[in-house]
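Asks:
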Amino acid sequence: MSLELKINNNEDVFLSPIKKSEIGDKINIYELIDDKNNSWMTVELLNNSFKIINRNEEISDSEEILKIKLDQLVLEVIEAEQSGTENTESTLTEEASPYDPDKIKVHQKQFNVKLIAEMIDNEDIDFTPDFQRNFVWDSHQKSRLIESILLRIPLPMFYLAEDEEGRITVVDGLQRLSTIKDFMDNKFPLKGLQYLGETCNGRYYSDKNKDGTPNEKKGIDAKYFRWFNMTQFSVNVIDPSSPAKVKYDIFRRINTRGKPLNNQEIRNCLASKSLRETLKNMVSLSEFKSATDGSIKPTRMDDQEIALRFILFSKDIELNNYNGYMDSSLDDMTERLVKISNEDSEDYVNSFSNAMQNAEYLFGRKHAFRKIMIKDLEPNAYKQLLNKALFVCLSVLLSKYEPNRVKENNSELALLKPLAIKIGEDLKLLNYLSYGTNGKANLQYVFEEIGKLINENLKY
Numbered sequence: 000m001s002l003e004l005k006i007n008n009n010e011d012v013f014l015s016p017i018k019k020s021e022i023g024d025k026i027n028i029y030e031l032i033d034d035k036n037n038s039w040m041t042v043e044l045l046n047n048s049f050k051i052i053n054r055n056e057e058i059s060d061s062e063e064i065l066k067i068k069l070d071q072l073v074l075e076v077i078e079a080e081q082s083g084t085e086n087t088e089s090t091l092t093e094e095a096s097p098y099d100p101d102k103i104k105v106h107q108k109q110f111n112v113k114l115i116a117e118m119i120d121n122e123d124i125d126f127t128p129d130f131q132r133n134f135v136w137d138s139h140q141k142s143r144l145i146e147s148i149l150l151r152i153p154l155p156m157f158y159l160a161e162d163e164e165g166r167i168t169v170v171d172g173l174q175r176l177s178t179i180k181d182f183m184d185n186k187f188p189l190k191g192l193q194y195l196g197e198t199c200n201g202r203y204y205s206d207k208n209k210d211g212t213p214n215e216k217k218g219i220d221a222k223y224f225r226w227f228n229m230t231q232f233s234v235n236v237i238d239p240s241s242p243a244k245v246k247y248d249i250f251r252r253i254n255t256r257g258k259p260l261n262n263q264e265i266r267n268c269l270a271s272k273s274l275r276e277t278l279k280n281m282v283s284l285s286e287f288k289s290a291t292d293g294s295i296k297p298t299r300m301d302d303q304e305i306a307l308r309f310i311l312f313s314k315d316i317e318l319n320n321y322n323g324y325m326d327s328s329l330d331d332m333t334e335r336l337v338k339i340s341n342e343d344s345e346d347y348v349n350s351f352s353n354a355m356q357n358a359e360y361l362f363g364r365k366h367a368f369r370k371i372m373i374k375d376l377e378p379n380a381y382k383q384l385l386n387k388a389l390f391v392c393l394s395v396l397l398s399k400y401e402p403n404r405v406k407e408n409n410s411e412l413a414l415l416k417p418l419a420i421k422i423g424e425d426l427k428l429l430n431y432l433s434y435g436t437n438g439k440a441n442l443q444y445v446f447e448e449i450g451k452l453i454n455e456n457l458k459y
């Protein structure tokens, strides 16, 4: 999330909201910083809106425009807080030229609706139900789409990506394809039609089952049945020889209708089935839900994104291959894990389970993976949000220890106070856990210092 502001030289500055410690009696304080960690504004979140505490004099936006922009930003901040994780990441993005434009190959094709349905049935099109964010179309929206087809109104372009084995991934248009396939499977009747209500309301696709036997449902008239089945879709197919980043780039460029998908939801759309199932198995662990105190919400796939971070740094624990750009690194890892063996999948899940068990035992449910200091250990202290940088470092480092042996040799909460003291005394560590936490230098330092803390205090 970011805020774009105008400054006096007529340039734009992009700011990220970073939560700070309390200022006096003010609790929900945010600093708006640029990608160089320069602070431009301090605001307080109060009654679901931002109140400006101070602002840089170079900001030239009017008070009215500024209020509109802050009102939009506060909605994103509240949604992020509800996800259960602390926002400490800047808007730093990887520089341009991620691939050679001349290597992009996208072919335009016409697909018949019956062919699309057949490809889905044959699993030539990856059509896993959780493939994209929860389908949100109600029955009226679905019916309106089918009505558009029956009226022979052209649908927006579909984007598909083909892999080396000829399997198809839906880059854009899955919700429309899902609706069309459900209609052809007689899963819902048409209702609330605007133009064809008299002839088609209450009708299903067909009065026959797939094997030709009759059913009790009343199908659309023969004329509309023929028109529907003759429908041709315009499709752009991304050639498998195109760079992998093309799929992500195209998705982000065309993903503007409705509520845009976030980066992990996009990865989920383009990930292999084996990776999706591995991540799902990881975040379904009771140990994960317990260690995080159920604070990471699955609604926007925040839980699966943090599990993917664990895999990324488990494979590249020395950070040698990390470029400092978290989103592009997670994209690359998603592509690298096109095929995961059952053995590797089990290893990821088991390692993740070890890490969660150890974290809960050594830090407690209330404090595991959270940026705590001594004052936060008081019984009535405010519960800190989960810190992603701490989660990555602690989970990766603790995953190599066998939980039963940890419990045999250490008392419960053995690392809680040492961590609180360390964060309180090491200003550099505190800053690196608070600002630009995805940076390579930041993560390297956090890994090193947390590693030392574990080595010095954990008996194994």
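Per numbering that gives the first Met the number 0, residue 0 is the first one in the sequence shown, and the count goes up by one each step.
Cβ coordinates follow ideal geometry from the N, Cα and C atoms, glycine included.
(1) So what does DSSP say about Val-337, is it helix, strand or coil?
(2) Using the rule of at least 16 other Cβ atoms within 10 Å of the residue's Cβ for burial, across every protein chain shown, is Gln-263 buried or exposed?
(3) Count the other C-beta atoms from every protein chain shown that fall within 10 angstroms of the C-beta of Asn-133, then say buried if there are 16 or more, exposed otherwise.
(4) How far does the alpha helix (DSSP H) with Ala-440 in it reach, from first residue to last?
(5) How is the beta strand (DSSP E) around Trp-39 delimited, first residue to last?
(6) Rounded to a whole number of angstroms, what is the C-alpha to C-alpha distance between Phe-160 and Lys-190?
(7) Buried or exposed for His-366, going by 16 or more other Cβ atoms inside 10 Å?
(8) Based on DSSP bridge pairs, tell me the residues matched to Ser-48.
(9) Report the rounded CA-to-CA distance for Pro-128 versus Ser-177, giving the unit in angstroms.
(10) Alpha carbon to alpha carbon, how far is Asp-302 from Ile-310?
(11) Quick check on the burial criterion: 16 or more other C-beta atoms within 10 angstroms. Buried or exposed for Tyr-207?
(12) For Asn-319, does the three-state DSSP call read helix, strand or coil?
(13) In chain order, which alpha helix (DSSP H) runs of at least 4 residues are fully inside the region 213–278?
(14) Among Ala-270, Leu-376, Phe-224 and Lys-35, which has the Cα closest to the Cα of Ile-145?
(15) Select from Asn-454, Arg-364, Gly-165 and Arg-175 the residue whose C-alpha is nearest the C-alpha of Leu-384.
(16) Compare the Cα-Cα distances from Pro-213 to each of Gly-196, Pro-239, Asn-185 and Val-234 and report the closest residue.
(17) Just grab the DSSP bridge partners of Ile-6 for me.
(18) Just to confirm, is the Cβ distance from Leu-154 to Phe-232 under 8 Å?
(19) What three-state label does DSSP hand Asn-200 in the structure shown?
(20) On the three-state DSSP scale, how would you describe Ser-15?
(21) Taking only three categories from DSSP, how would you classify Arg-369?
(22) Exposed or buried, Ile-17, counting other C-beta atoms within 10 Å across all chains shown (16 or more means buried)?
(23) Let me know the secondary structure DSSP gives Asp-330 once reduced to three states.
(24) Would Phe-351 and Ala-358 qualify as a contact pair, given that the criterion is a beta-carbon distance under 8 Å?
(25) Alpha carbon to alpha carbon, what distance is there between Phe-110 and Glu-447?
(26) Output needed for Asn-32: all residues of its chain with C-beta closer than 8 Å, excluding positions within five of it in sequence on either side, in chain order.
(27) Give the secondary structure of Asp-171 by DSSP, where H, G and I count as helix, E and B as strand, and everything else as coil.
(28) Let me know if Lys-304 comes out buried or exposed under the rule of 16 or more other beta-carbons within 10 Å of its beta-carbon.
(29) Could you give the DSSP three-state label for Gln-356: helix, strand or coil?
(30) Counting along the chain, where does the alpha helix (DSSP H) carrying Phe-460 start and finish?
(31) Tell me which same chain residues have a C-beta within less than 8 Å of the C-beta of Lys-68, skipping the five on either side of it?
(32) Report the rounded CA-to-CA distance for Asp-181 versus Asn-456, giving the unit in angstroms.
(33) So what's Lys-104 in DSSP terms, helix, strand or just coil?
(34) With a cut-off of 8 Å, do at least 3 Cβ pairs link the region 339–347 to the region 380–397?
(35) Which two residues bound the contiguous beta strand (DSSP E) that contains Ile-32?
(36) Let me know if Ile-373 comes out buried or exposed under the rule of 16 or more other beta-carbons within 10 Å of its beta-carbon.
Replies: A quick look at the data gives this:
(1) Here DSSP, grouped into helix, strand and coil, assigns Val-337 to coil.
(2) By the C-beta density criterion, Gln-263 is buried, having at least 16 other C-beta atoms within 10 angstroms.
(3) The predicted position of Asn-133 is uncertain, since its pLDDT is 49 and thus under 50; a value taken from the coordinates is nonetheless stated next. Sixteen is the threshold: since fewer than 16 other Cβ atoms of the shown chains lie within 10 Å of the Cβ of Asn-133, the residue is exposed.
(4) Taken as a continuous stretch (DSSP letters only), the alpha helix (DSSP H) holding Ala-440 covers 439–456.
(5) Residues 38–45.
(6) Looking at the sequence itself, residue 160 is Ala, so the reference to Phe does not match. Roughly 33 Å between the two C-alpha positions.
(7) Label assigned to His-366: buried.
(8) Looking at the DSSP output, Ser-48 bridges to Leu-45.
(9) Confidence in Pro-128 is poor, its pLDDT being 46 and thus under 50, which makes the residue's placement too unreliable to answer from.
(10) Per the coordinates, the alpha-carbon of Asp-302 lies some 13 Å from the alpha-carbon of Ile-310.
(11) Contrary to the premise, residue 207 reads as Lys rather than Tyr in this sequence. Exposed is the call here.
(12) Coil at Asn-319, not helix or strand.
(13) Fully enclosed alpha helix (DSSP H) runs of 4 or longer: 221–228, 243–253 and 262–269.
(14) Of the listed residues, the one whose Cα sits closest to Ile-145 is Phe-224.
(15) Cα-wise, what sits closest to Leu-384 is Arg-364.
(16) Looking at the Cα atoms, Asn-185 is the closest of the given residues.
(17) Answer is Ile-58.
(18) Result yes, Cβ atoms of Leu-154 and Phe-232 sit closer than 8 Å.
(19) If DSSP states are grouped into helix, strand and coil, Asn-200 belongs with coil.
(20) Three-state result, Ser-15: strand.
(21) In the structure shown, Arg-369 sits in a strand (DSSP, three-state: E or B).
(22) With at least 16 other beta carbons inside 10 angstroms of its own, Ile-17 counts as buried.
(23) Looking at Asp-330 - three-state DSSP - the assignment turns out to be helix.
(24) Contact flag unset, no.
(25) Taking the straight line joining both Cα atoms gives about 54 Å.
(26) According to the sequence displayed, residue 32 carries Ile and not Asn. Hits under 8 Å: Leu-14, Ser-15, Ile-17, Ser-38, Trp-39, Ser-89 and Tyr-434.
(27) Residue state, collapsed to three classes: strand.
(28) Reading off the sequence, residue 304 comes out as Glu, not Lys. Buried.
(29) Gln-356: helix per DSSP, three-state reduction.
(30) Nothing can be reported for residue 460, as the shown portion of the chain is limited to 0 through 459.
(31) Spatial neighbours of Lys-68 in its own chain (CB-CB distance under 8 Å, excluding positions within 5 residues in sequence) are listed in chain order as Leu-2, Glu-3, Leu-4 and Asp-60.
(32) Those two C-alpha atoms are separated by around 57 Å.
(33) Per DSSP, reduced to three states, the secondary structure at Lys-104 is coil, with no helix or strand assignment.
(34) No, they do not touch.
(35) Counting along the chain, the unbroken beta strand (DSSP E) around Ile-32 starts and ends at 28–32.
(36) Ile-373 counts as exposed, since fewer than 16 other C-beta atoms from the protein chains shown sit within 10 angstroms of its C-beta.
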